[in-house]
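Q: Chains A and B, in that order, give the protein sequences. Each residue of the first sequence is one higher than the one before, starting from 234 at the first, in our numbering. Each residue of the second sequence is one higher than the one before, starting from 2 at the first, in our numbering. From the three backbone atoms N, C-alpha and C, an ideal C-beta is built for every residue, glycine too. Bear in mind that the values here come from a model prediction, so they are computed numbers and not experimental data.
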Amino acid sequence: MATIERATTFSAPGQVDSPVELKSRYENFIGGHWVAPVKGAYSANLTPATGEPFTEVPRSTPEDVELALDAAHVAKDPWAEASTTERSRVLNKVADAIEEHVEMLAVAESWENGKPVRETLAADIPLAADHFRYFASVIRGEEGVISEIDKDTIAYHFKEPLGVVGQIIPFNFPILMAAWKLAPALAAGNCSVLKPASPTPWSILKLMELIEGIVPEGVVNVVNGPGAEIGKALATNKRIAKIAFTGETVTGRLIMQYAAQNIIPSTTELGGKSPNIFFADVMEADDDFFDKAIEGLVLYAFNKGEVCTCPSRALIEESIYEPFMERCLERIGRIRQGHPLDKSTMLGAQVSTAQIEKIESYVEIGKQEGAELLIGGERAHLGGELEGGYYFQPTVFKGDNEMRIFQEEIFGPVLAVTTFKDEADALRIANDTLYGLGAGVWTRDTSKAYRMGRAIKAGRVWTNCYHLYPAHAAFGGYKVSGVGRENHKMMLDHYTQTKCLLVSYDQKAMGFF
Amino acid sequence: MEADPAPKVVATDAALAEIRRLRAGHGPLMFFQSGGCCDGSSPMCFPDGELLLGPNDLLLGEIDGCPFYIDAEQYERWNRPSLVLDVASGAGSGLSLEGVDGRHFTLVSPPLGERGSRREPAGRT
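Written as structure tokens, this is what we have:
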């Protein structure tokens, strides 16, 4: 058995038999070239799997952001003028490149982020390719509208690109979140200066290596460095026409404030505290659907809980609480935690020391608040080379929605469970939160599912499913979870502006003067 | 809101040292407690005045002269705890100043809210 398991573990990037080549140092990707940071400073990039550094990336300064903006502005007009056929062709070639290197990118992203490689192989990387394909498709179906104001006066409406946009992406899906933002921006004819999250600066550079001969120079530029320096330098810059951000609420506020100061649009996705609601009828039969519902609850541990829509509040109808949780805890107890590059690993390492310390802190808060710890609650010590990694046991608390662990996103494999009496009670608890990004509803009663889905104040309500992120299904927040809808062609509206040509075919003057 | 003589936010010696260090480079500072995903529960440190304040922001107190704010509803939902600011190694991913030097402000695993749980549900929507 042990030999079989070992055979399913990928070798770490840089090792001879790894699918990922590794250099000791990477540069910024600017204007289609690898450009050293102006001030020559670099930072070590750690893998959460072991806590050890494995490469270096630029610790850029505002001067590097200016270089990237220079390159993007050179590329801007030719890219905007490229036909949608041509832009579509380029995006499809990006998708091809990703699909031809799924394993390489999956291992790179897993090593950098700590997430299980089975997730990156099956979800992150294939979805990234598909998002490029989706926007390659829908951009060709876009059309302006013509309005006949009167018989001689016509309003032609064109969708024009914004120009150069700034995009700041989070650490939890370093490649997929870049795809979510780059694909619509590029399809719509914009050029991007993209800043990866500080804990995950590198795997996106492996994607840039793949596409450097595909995407015209300067259309995509990647600059790494501290948010306080280059994130701010990008978001406040007069040379961007839009800023997009995924992260937490206060940076989201700053981003929107900077956008207001330059009078440009912004889109933000700021996370949630998503409820996952299980009605009693899920247990009417011990069938495939019930099995799916159990998995639906355990999905709080997907990507170690580092998901903006983590279903981190489970609301369970009180009549089934005991037997349902028994089955769920049995499933949670079988979660296999281990080396992120082992294909059988279900739960990997948290992204950073900052994150795992925060998780520990919230577990302590949960205990102090009087929540009942049902399973987990501590760091996982996996021994050997993994002993220095950032592993946390899958954890479940039972408590009530008034507790802090029900109100703030822990961003770890920590579930807060409570019960409800009836449909109205479930809805009240579900909406008793600052946030409104995701929600889940599980029931065999489709009318009830519909009522709940429409009444929950969240942008995405998964119904009898969870954590699916297909292209062509809009994703974004209600309430303080942000502004904008990604993953759908409507995102093209966030990356274009409307030009109206109002044309008179009448030969006669209006008669005023 | 009832008067409360106990300070609502204090700092460890390490956090105070970090504040002094940052202030030497950036001038007066402000803190704002974040929420949401990624670095959601981190206290963010900016040059004073960097984040525009609104009527729904609550001044919890001052740390060595630096104002510390939180969204007022968020504070209610946290059950009005007293906060202890600390600093740890490892950068976060936001725009907080200390991240440039590979550190992040954090909250020490703290005591309970005033009564252990949130009150006055009628005041919320």
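Going by DSSP, what residue range makes up the beta strand (DSSP E) through Gly485/A?
A: Note, Gly485/A: premise wrong, no beta strand (DSSP E); alpha helix (DSSP H) at 482-495.
Q: So what does DSSP say about Ala355/A, is it helix, strand or coil?
A: Here Ala355/A sits in helix by DSSP.
Q: Check whether the Cβ of Asn80/B lies closer than 8 Å to any Cβ atom in chain A.
A: It does: the Cβ of Asn80/B has a partner Cβ on chain A nearer than 8 Å.
Q: Within 10 angstroms of its Cβ, does His105/B collect 16 or more other Cβ (buried), or is it exposed?
A: The residue in question, His105/B, is buried, as its Cβ has 16 or more Cβ neighbours within 10 Å.
Q: Given a cut-off of 8 Å, decide if Tyr699/A and Leu532/A are closer than it, judged by their beta-carbon atoms.
A: It is a contact, given that the beta carbons lie within the stated cut-off.
Q: CB-CB under 7 Å to His334/A, same chain, minus the five flanking residues each way: which ones, in chain order?
A: Only Leu443 meet the Cβ criterion.
Q: According to DSSP, His105/B sits in a beta bridge with which residue or residues?
A: Answer by DSSP bridge pairing, in chain order: Ala89/B.
Q: In terms of residues, what are the limits of the beta strand (DSSP E) holding Gln34/B?
A: It spans 30-34 - the beta strand (DSSP E) in which Gln34/B sits, taken as one unbroken run.
Q: What ranges does the alpha helix (DSSP H) occupy inside the segment 663-714 of chain A, keeping only unbroken runs of at least 4 residues that lie completely in it?
A: Correct list: 679-688.
Q: Pick helix, strand or coil for Met2/B, following the three-state DSSP scheme.
A: At Met2/B, the pLDDT of 44 sits below 50, so the modelled position is not reliable; the number obtained from the coordinates is stated separately. In this structure, Met2/B counts as coil in the three-state DSSP scheme.
Q: Does Asp40/B have its Cβ less than 8 Å from a Cβ in chain A?
A: Closer than 8 Å: yes.
Q: Report the rounded CA-to-CA distance for Arg569/A versus Gly673/A, giving the unit in angstroms.
A: Roughly 24 Å between the two C-alpha positions.
Q: Throw me the rounded Cβ distance for the Tyr491/A and Ala468/A pair, which I believe falls under 8 Å.
A: Between Ala468/A and Tyr491/A the Cβ distance is about 4 Å, and since that is below 8 Å, they are a contact.
Q: Report yes if the C-beta distance between Glu260/A and Pro291/A is below 8 Å; otherwise report no.
A: Yes; because the gap between Cβ atoms is below 8 Å, this pair is in contact.
Q: Compare the C-beta of Val101/B with all C-beta atoms of chain A and state if any pair is closer than 8 Å.
A: Yes, Val101/B counts as interfacial toward chain A.
Q: For the segment 644-677 of chain A, list every residue whose C-beta sits within 9 Å of some C-beta in chain B, in sequence order.
A: For the segment 644-677 of chain A, which is checked against every Cβ of chain B, the residues closer than 9 Å are Phe644, Asn664, Asp665, Thr666, Leu667, Tyr668, Leu670.
Q: On the DSSP letters alone, give me the boundaries of the beta strand (DSSP E) that Phe746/A sits inside.
A: That residue, Phe746/A, is in no beta strand (DSSP E); it is neither H nor E in DSSP.
Q: Taking all protein chains shown into account, decide if Lys309/A is buried (16 or more other Cβ within 10 angstroms of its Cβ) or exposed.
A: The residue in question, Lys309/A, is buried, as its Cβ has 16 or more Cβ neighbours within 10 Å.
Q: Can you list, in chain order, the residues of the segment 55-83 of chain B whose Cβ is nearer than 7 Å to any Cβ on chain A?
A: Those residues of the segment 55-83 of chain B that come within reach of chain A (Cβ to Cβ, closer than 7 Å) are Glu74, Gln75, Arg78, Trp79, Asn80.
Q: Which runs of the beta strand (DSSP E), 3 residues or longer, sit entirely within the segment 32-81 of chain B?
A: Correct list: 44-48, 58-64, 67-72.
Q: Cβ of Met31/B less than 8 Å from any chain A Cβ?
A: No, Met31/B lies away from the interface with chain A (no Cβ there is under 8 Å from its Cβ).
Q: If you compare alpha carbons, which of Thr729/A, Leu548/A, Asn457/A is closest to Lys428/A?
A: Ranking the options by Cα distance to Lys428/A, first place goes to Asn457/A.
Q: Given that Gly28/B touches chain A, what residues does it touch there, using C-beta distances under 9 Å?
A: Correct list: empty, because the minimum Cβ distance to chain A is about 14 Å.
Q: Sorted by chain position, which residues of the same chain lie with C-beta nearer than 7 Å to Trp413/A's C-beta, five sequence neighbours on each side aside?
A: So the list reads His364, Glu719, Asn720, once near-sequence residues are dropped.
Q: Which residue marks the beginning of the alpha helix (DSSP H) containing Gly529/A, and which one marks its end?
A: Taken as a continuous stretch (DSSP letters only), the alpha helix (DSSP H) holding Gly529/A covers 521-531.
Q: Mind listing the chain A neighbours of Ala92/B? Cutoff is C-beta to C-beta under 7 Å, in chain order.
A: Ser431, Pro459, listed in chain order.
Q: Taking Cβ-Cβ distances shorter than 8 Å, what residues in chain B pair up with Thr586/A?
A: Residues of chain B passing the Cβ test: Ala89, Ser90, Gly91.
Q: Give me the DSSP bridge partner(s) of Arg612/A.
A: Note: Arg612/A sits in a beta bridge opposite Phe625/A.
Q: Short of 8 Å Cβ to Cβ, which residues in the segment 399-416 of chain A face chain B?
A: The segment 399-416 of chain A vs chain B, Cβ under 8 Å: Pro403, Phe404, Asn405.
Q: Can you say whether Met743/A is buried or exposed, counting buried as having 16 or more other CB atoms within 10 angstroms of its CB?
A: Burial call: exposed.
Q: Which same chain residues, not among the five before or five after Asp633/A, have their C-beta less than 6 Å away from its C-beta?
A: Taken in chain order, the residues that qualify are Thr651.
Q: Check each candidate in Lys537/A, Tyr554/A, Phe535/A, Cys543/A and name the one with the smallest Cα separation from Met516/A.
A: Per the Cα distances, Tyr554/A.
Q: Can you tell me whether Asn346/A is helix, strand or coil according to DSSP?
A: Asn346/A: helix per DSSP, three-state reduction.
Q: Which chain B residues sit within Cβ distance under 7 Å of Arg351/A?
A: Correct list: empty, because the minimum Cβ distance to chain B is about 23 Å.
Q: Just verifying my parser: in three-state terms, what is the DSSP assignment at Ser118/B?
A: With a pLDDT of 43 at Ser118/B, under the threshold of 50, the modelled position of this residue cannot be trusted, and the question is left open.
Q: Starting from the C-beta of Ala707/A, find all residues in its chain whose C-beta is less than 7 Å away, skip the five residues before and the five after it, and write them out in chain order.
A: So the qualifying residues of the chain are Arg718, Asn720, His721, Met723.
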